[in-house]
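In our numbering, the protein residues as written are 5 to 394.
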């Protein structure tokens, strides 16, 4: 899909000043920031798009190249097909721009690092994947300190501005003709220092705990999928946003049904008599019910019939896949003498009494009989007809 003009993305004209571009980026980045729009894929895409535009237009040389050559002029720096811009990249860009402005989401200038993502792996049955299920797991994690509310300071006190950076979180100094910034080593970019830490969490704002977490597995989930539960990871440092919980799903193989995408497959065994003459069959369904189908006369081994809408529910969509039934025709074993005689009679009716594999009978009448099909031969045999139809 063609990329939009970067000026259009930021809502400015190509005559906008550097400050105009920065202000436009700040406004849109706050609006679409992932922490403010948890789980909103459209907002995440817009956040990436805004960050991509500012990454080019916010740089003097990059903007000059873009003004002259367009998207081609900035190469992989602005090409979605070149560099994979992840949300994390633009969160870092956001932090650089907003470093002197505190946390725009109300946590305050002392906001810390976002909590880590956690992962658990669950094994479920195919039936669970069909109906959906809920599992409760005990999850060791970092949780917000209840004593200080995650702030890290002793209740009734407040952190003070870092004396080394003056509360800005960064140190700025001249190096020749250039102005260089670096993260303040004393406050680690926080802009504040805690002089009276919380006794419970020792100033970190969080503690190790084991928490019971209820995990909902949706209908239609497939083996190998990873689900994301926003905000159920580790608590952030000093009140920052929590991480997410990633849930890996392992669906155990089923003894009867096989799955491919949204479709289910199973084998239904037929005797040669049932395949030849046709029959009715009860086909089991994954939900514990069954469906009656008609096996048409002359059905061949390997034939597949589909039961529409009897497969797996489509994940986060309407409808279900199909159940595909594969016919397996079984050859009888341990024949009794009478059964052997009947099969020899059947072979005689088909003109196969003296035929060896791969050779003709040598008789025109026998060859004509072989073309009648084995269904006709079985019918004649079971009906007591010992002569060829005219």
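All residues carry an ideal CB built from backbone N, CA and C; glycine is no exception.
With contacts defined by Cβ atoms closer than 8 angstroms, residue 351 and residue 333 do not form a contacting pair. Around the C-beta of residue 49, fewer than 16 other C-beta atoms lie within 10 Å, and the residue is accordingly described as exposed.
The straight-line gap separating the alpha-carbon atoms of residue 272 and residue 316 is approximately 19 angstroms.
Nearest Cα to residue 242 within the set 268, 233, 206 and 255: 206. Shortest Cα-Cα distance from residue 172 to any of 185, 311, 52 and 162 involves 185. In the displayed model, residue 212 falls within a strand according to three-state DSSP. Within the region 178 to 262, the complete beta strand (DSSP E) segments of 3 residues or longer fall at 182 to 187, 210 to 221, 230 to 233 and 249 to 255, listed in chain order. Of all C-beta pairs linking the region 294 to 302 to the region 195 to 214, fewer than three are shorter than 8 angstroms, placing the two stretches out of contact.
In this structure, DSSP gives residue 122 an extended state, which the three-state scheme calls strand. DSSP, reduced to helix, strand and coil, places residue 68 within a helical segment of the structure shown. Counting only the Cα atoms, residue 141 lies some 10 angstroms from residue 214. Annotation for residue 326: no beta strand (DSSP E) segment contains it, and DSSP assigns it neither H nor E. Here residue 46 is exposed: its Cβ has fewer than 16 other Cβ atoms, across all protein chains shown, within 10 Å. In the three-state scheme derived from DSSP, where H, G and I count as helix and E and B as strand, residue 319 is classed as coil. The alpha-carbon separation between residue 244 and residue 325 amounts to approximately 43 angstroms. In the three-state DSSP reduction, residue 22 falls in the helix class (H, G or I).
Cβ-Cβ distances below 6 angstroms link residue 32 to 54 in the same chain, with the five nearest sequence neighbours on each side left out; the list follows chain order.
Beta-bridge partners of residue 267 (DSSP): 264.
Residue 300 is bridged by DSSP to nothing; it lacks a bridge partner. Across the structure, residue 20 and residue 219 are spaced so that their CA atoms are roughly 49 angstroms apart. With respect to the 8 angstroms criterion, residue 37 and residue 144 are not classified as neighbours on the basis of their beta carbons.
When secondary structure is reduced to three states using DSSP, residue 335 falls in the coil class, being assigned neither helix nor strand.
Within the DSSP bridge table, the entry for residue 273 names 332 as partners.
Judged by beta-carbon spacing, residue 318 lies within the 8 angstroms limit of residue 224, meaning their Cβ atoms are closer than that value.
Excluding sequence positions up to five before and after residue 169, its CB lies within less than 8 angstroms of the CB of 175, 188, 190, 191 and 195, all in the same chain and listed in chain order.
Taking C-alpha positions only, residue 235 is separated from residue 302 by approximately 59 angstroms. Rounded to the nearest angstrom, the gap between the Cα atoms of residue 210 and residue 232 is 22 angstroms.
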